[in-house]
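Trainee: All you need for our numbering is the position in the sequence shown, starting with 1, plus 756.
Virtual Cβ for every residue (Gly too), placed ideally from N, Cα, C.
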Amino acid sequence: MREKTIKITQSYYLSKLKLILALSSAIITTSANNVLAQNITIDGTLSPAQTLNGPIYIIPQLVGQTVGSNLFHSFGSFSLDSREIANFQSGSDIRNIFSRVTGGSPSFINGLIFTQSASVNLFFVNPSGIIFGPNARLDVGGSTRGSFVATTADALVWSNGSQFSATNPGGTSSLLTIVGDPSGFLSVQRPQSIFAIGSTLNVYQGQSLLLLGGDIGLFNSRLLVNGIEGGRIELGATAAESGTIELTTKNNILSLDFPQDSLRADVLLTNGSSLDVSAGNGGSIAINAKNIDILEQSNLAAGIAPGLGDVNSQAGDVTLNATGVIRVSDQSMIINYTDLFATGNAGNINIITDNLHLTNNAVITNRTFGQGNAGNLIIKANQSISLDNTSVIGNTVDVRAAGNGGDISITTSSLSLSNNSGVITFSSGRGNAGNLMINVNENISLDNARIASGIEAGAVGQGGDISISTGSLSLNNNAGIGAFFEDGNGNAGNITINARKDIFLDSQSSIESTTILAGNSGDVRISTGSLLLTNTASISAATFGTGNAGNVIIDARESIFLDSQSRIASSVQELARGQGGDIKITTNSLSLSNSAALFTTTLGQGNSGKINIATNSLDITNNAIISSITLGQGNAGNIIINAREGISLDGGFILSAVNTESVGQGGDIGIITESLSLTNNAILSSSTLGQGNAGNLMINAHGFVLFDRSNISSSALDTAVGDGGDISITTGSFSISNGTQLFASTLGRGDAGNIYISASEAVNISGTDANKRFSSGLFTSTSTGKGGDIVVNTNLFRLSDSAVLDARTVNEGNGGNITVNANSLEVLNGGQLITTTLGRGNAGKITVNATEKVIVNGNDASFNDRVAQFSGNVANVDAASGLFVRSDGLGSAGDIEVNSPFVLLDNGGRFIAESRSVNGGDISVNAGNALLLRRGSQISTTAGTAQAGGNGGNININAGFVIALPNENSNITANAFSGTGGQVQINTQGIFGIEPRLNDSINSSDITASSTTGINGEIIINTPNVDPTQGLTNLPGDIVNTASLVDSGCTAFGDKTGSQFTVTGRGGLPTSPDDVLNGDAVWSDTRLTVAAKPQNGSTSRVNTPQKSSNAIAIVPATGWVFNNKGEVTLVSQVAKANAFNFDSNHVACVKP
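#1: Buried or exposed: residue 839, going by 16 or more other Cβ atoms within 10 Å of its Cβ?
#2: Quick check on DSSP: helix, strand or coil for residue 898?
#3: Could you tell me the distance, in whole angstroms, from the CA atom of residue 901 to the CA atom of residue 825?
#4: Which full runs of the beta strand (DSSP E) of 3+ residues lie inside the stretch 786-838, going along the chain?
#5: Of all the beta strand (DSSP E) runs that stay within the bounds of the stretch 1366-1444, which reach a length of 3 or more residues?
#6: Could you check which residue in 1741, 1186, 1144 has the C-alpha nearest to that of residue 1171?
#7: Run through DSSP, which three-state label would residue 1862 get?
#8: Using the Cα positions of residue 797 and residue 980, report the straight-line distance between them to the nearest angstrom.
#9: Sorted by chain position, which residues of the same chain lie with C-beta nearer than 7 Å to residue 1946's C-beta, five sequence neighbours on each side aside?
#10: Which residues in the same chain as residue 1784 place their Cβ atom closer than 7 Å to its Cβ, once the five residues preceding and following it in sequence are excluded?
#11: Residue 1006: buried (16+ other C-beta within 10 angstroms of its C-beta) or exposed?
#12: Closer than 6 Å by C-beta to residue 1699: which residues in its own chain qualify, once you throw out the five before and the five after it? Chain order, please.
#13: Taking 7 Å as the limit between beta carbons, can you name the residues of its chain near residue 1493, skipping five residues before and five after?
#14: For residue 1080 versus residue 1116, is the C-beta spacing smaller than 8 Å?
#15: If you measure between the beta carbons of residue 1266 and residue 1297, is that distance less than 8 Å?
#16: For residue 1199 versus residue 1162, is the C-beta distance shorter than 8 Å?
#17: When the distance is taken between beta carbons, is residue 1173 closer than 8 Å to residue 1137?
#18: Would you decide whether residue 1271 is buried or exposed? Buried here means 16 or more other CB atoms lie within 10 Å of its CB.
#19: Is the stretch 1005-1019 in contact with the stretch 956-966, if contact means three or more CB pairs nearer than 8 Å?
#20: Tell me the residue span of the beta strand (DSSP E) that contains residue 1139.
#21: Between the stretch 1060-1071 and the stretch 1013-1024, do three or more beta carbon pairs fall short of 8 Å?
#22: Please work out which residues of its chain come closer than 6 Å, Cβ to Cβ, to residue 1155, disregarding the five sequence neighbours upstream and downstream, and give them in chain order.
#23: Just verifying my parser: in three-state terms, what is the DSSP assignment at residue 956?
#24: What's the gap between the Cα of residue 1355 and the Cα of residue 1727?
#25: Going by beta carbon distance, what residues of the same chain come within less than 6 Å of residue 1506, once the five residues before and after it are set aside?
#26: Return the first residue and the last residue of the beta strand (DSSP E) that residue 1008 is part of.
#27: Run through DSSP, which three-state label would residue 932 get?
#28: Assuming residue 1741 contacts residue 1773 (C-beta within less than 8 Å), just tell me the rounded distance between them.
#29: Strictly by DSSP, which residues pair up with residue 1053?
#30: In angstroms, rounded to a whole number, what distance separates the CA positions of residue 1131 and residue 1059?
#31: Determine the closest residue to residue 935 out of 969, 919, 924, with distance taken between C-alpha atoms.
#32: Please work out which residues of its chain come closer than 6 Å, Cβ to Cβ, to residue 1694, disregarding the five sequence neighbours upstream and downstream, and give them in chain order.
#33: For residue 1586, which option in 1554, 1295, 1566 has the closest C-alpha, if you only look at C-alpha atoms?
#34: Using three-state DSSP, classify residue 1951 as helix, strand or coil.
#35: What is the residue span of the beta strand (DSSP E) that residue 1083 lies within?
#36: Tell me where the beta strand (DSSP E) around residue 1314 begins and ends.
Structure (structure tokens):
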């Protein structure tokens, strides 16, 4: 539709230009041939017909008709050649001169039209057309002013119905009924055109110059109002074949009133044409047409002229009303201004049209260069507005001006800006920039173009606000929407954008509020359906000088997507001083990808702003980042993320940091979500490298937290002076794998943070990275300060495949503790809980509280290869799974405390507390039911591993039973090298398969408390009511398969004799595991079959078989379990066997 409209307009005006050139040629030719003998004739309707003689045509009052203060003339023809003059004479009591041309020929005016009397208005009516030539001039009203009206309408009309008609001069209307000024213009056919070719037409100050016709064209022509007091210039183009255009008079100023639904013709200004009403006060321009073209350096100008005006002066308005298209092109301009050295306020520019197009350096502007305010610019285009090729709609305060800029208001259905075009308000002087308000029903498109409001360097004032409401907004190719403040005394304005559908920024495009040297930047507020930024596009609020950065607040109902180095930011830039603004994001889905960034930062002096994100889902991928960082002096802001459905970081980052040489506190990171996953080298970190504490990291994920091949930390790094922050994670299920490391540490001067994990279902930490260099795990460490604690609360905690929990100190500070509270703890395949000191500080304590069981099993088969390849970069201290507290420095090794009903160490599982040269740590195991050691497992506290001093630590075991197999080399040791061996104290109901020895033996399971060169420790074993030497029994190394020794069937039926089982030696097992072994005890089968039938009146403990035709098989016990009271119960594991209850009654082996 737009292309079609432009083509029609261009085609139309090409034809008009051809017509203008043809008419111009005709005038010049006629003048040259001097064939103008009958240029002015009287038609005889109001006075006798006659031909007036030139070149000075005297038109006396007597050749017309006078009615009151009105004088009427009727001409058959009226034209003027160059150097000719038409002199209208009238008495001083005449207010209006009405002249009509009835002969049917157009008027060619190429001379002077003059009224001899003062204060008289001249109306010139020729329905056949009017053309003003290059020598056409006006001198109307004399020194006391008068207005000039030229029209191709058919008649003048009055409010009482009277007419002065040029197409029906002999009509019934009587001039005698006419009183006062006319009320309008009547057309009974489509009016002819009015053209001005190289003409200069002017009226005096306070008067009007009106052209009303069909098409109106000005070619290199000027229409002016001269004098201090402004007047009015109005062009009206009507295409109505019938109807009235009203005429109003106010303070001697004439103006036209077009019905909104009337048919209109076109207006053209081209080749340097102009309408100028600049004066000391007043002055207005109006154009009413279908299409208005202002081309080739043509212009409309109103305002306060140079050197004129005072503080009370007010310029008039420029008003364009077009039902079709307004086109301004080729350096043409529409301006309303207060000029340099002028005083007074500029007027407004009002534009109403269907379509407005500016191209090739076209300008529509309100501006003040002097002492006074610029006016407002109001544009209403029903269909579209487009600006192309460095065209501008603006409102400005010039550098030497003192006054406020006016507002710009744009209302349309579609707005398009391209090729360095812009809509701008700014101030370079002493005054505020105007506000910019854009309301677009459908879409706004900016392509290498700008919408901006600002204060330039040296100005004093406030930047204007930008408010945009639209359906869709797109910015491409370095396009921008900006509120800026360069320098001076004031602030940048706010930016508010409401796009009902979507916003799209591409190719370095931006929406920004910025201060350069001084002043606060404004807020950026965006509300939309979806927001997409790509290819380094940005939305930001920043300060580069002295002042605060604004906030960025975005609400997108559907989604926000940042891609390809795009960013949303609020920042205090380098060398700046001020507070960073906050970023607040609310959306259904937020995605950042391919190095995109959402951040607050300070590079100067000031705090970074906070980041607050509320969304259903958050995805950060491929080096994209959310961060709050201080690179100067100031605190990093907090990052708070609430994602109701889930958060995924796949190679993405969330950071809060204080950088090297910076001074300030790190910000906290708080995450609330259903699920959180970090994969592919993702990073979640709050850290400090400068002077200040790292922030805390808090995660609450109702469903699960998954960290895979990622890094999570709250740390004070090696250049820092400050404490590391805490890490707190609350979730349902927590998983770390493939070399993911979660750090709370300080490598500088300060305390390390703590790690708190609370998972209602399970915690699973497993594996190493692909190169087997870095173990998955939780880590706290300190250099000079206190080490951080690690606390895990869960149902099931599984630590496997070389994964670790590691709390260490490398210098003077004490290491942190590790505490696990779980139903079950499983440490498998080289998984390790470690506290270590490498310096003067003490290693922390490991505490395990497991309400069901603790299982430590297996080893890392690749451990030796890893150590050989990566040396000191391997976190594990051993190939075995286990709990390890160590001192490799001058500090004490920590303690180990394990509390659980059942503790199993298998396949080399370890509880180790050891030191190189100081006292070994203590180990306490409280296993209510049993402690089971299998296949080379160890509980050991050892001092002097470097063949140095230090006493062995103590081992305290409280267990229902302590069980090991004699030949599996499972040991309990409290040894030392040159110090005293430690104490081993075991309190138990029974101990099996392991016994005290002076030295360890690889062929047996041992309990030792020795010292290589010092005093041996002691071993204390407490079993209730038992001689300790009698309570220790050597179990056989080989387990006998009793099923091969005893017939599993019962043959006590028929005539055969039943099988017999004879116990010899010490009398078999006691009746209760709590009883000691007794050589006189007689074994009896205590199992009840499904068909167990007690013998009446029998209490014998001898099991006598009875005859029966069939019998139930007696199945021997092949295992044992704990019942719900924690007691050991013997059971059969034969396939299809039924559960048996234990009892002391004899049973009969009978067939049911």
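Mentor: Looking at the atomic coordinates:
#1: exposed
#2: helix
#3: 16 Å
#4: 796-798, 812-815, 821-823, 826-834
#5: 1367-1377, 1381-1386, 1395-1406, 1409-1414, 1425-1435, 1439-1444
#6: 1144
#7: At residue 1862, the pLDDT of 37 sits below 50, so the modelled position is not reliable and the matter cannot be decided from this model.
#8: 29 Å
#9: Not covered by the structure: residue 1946. The range shown for the chain is 757 to 1908.
#10: Residue confidence for residue 1784 is low, a pLDDT of 49 falling below 50, so the modelled location carries little weight; the figure read from the coordinates is stated next. Closer than 7 Å at the Cβ level, and outside the excluded window around residue 1784, lie 1777.
#11: exposed
#12: 1671, 1675, 1676, 1706, 1707, 1708, 1732, 1735
#13: 1464, 1522, 1523, 1532
#14: no
#15: no
#16: no
#17: no
#18: buried
#19: yes
#20: 1133-1144
#21: no
#22: 1184, 1185
#23: strand
#24: 56 Å
#25: 1472, 1478, 1479, 1541
#26: Element bounds for residue 1008: n/a, residue is neither H nor E.
#27: helix
#28: Not a contact, Cβ separation roughly 10 Å.
#29: According to DSSP, which records beta bridges pairwise, residue 1053 is partnered with nothing at all.
#30: 9 Å
#31: 919
#32: 1666, 1727
#33: 1554
#34: Here the chain has residues from 757 to 1908 only, and residue 1951 is not among them.
#35: 1081-1085
#36: 1308-1319
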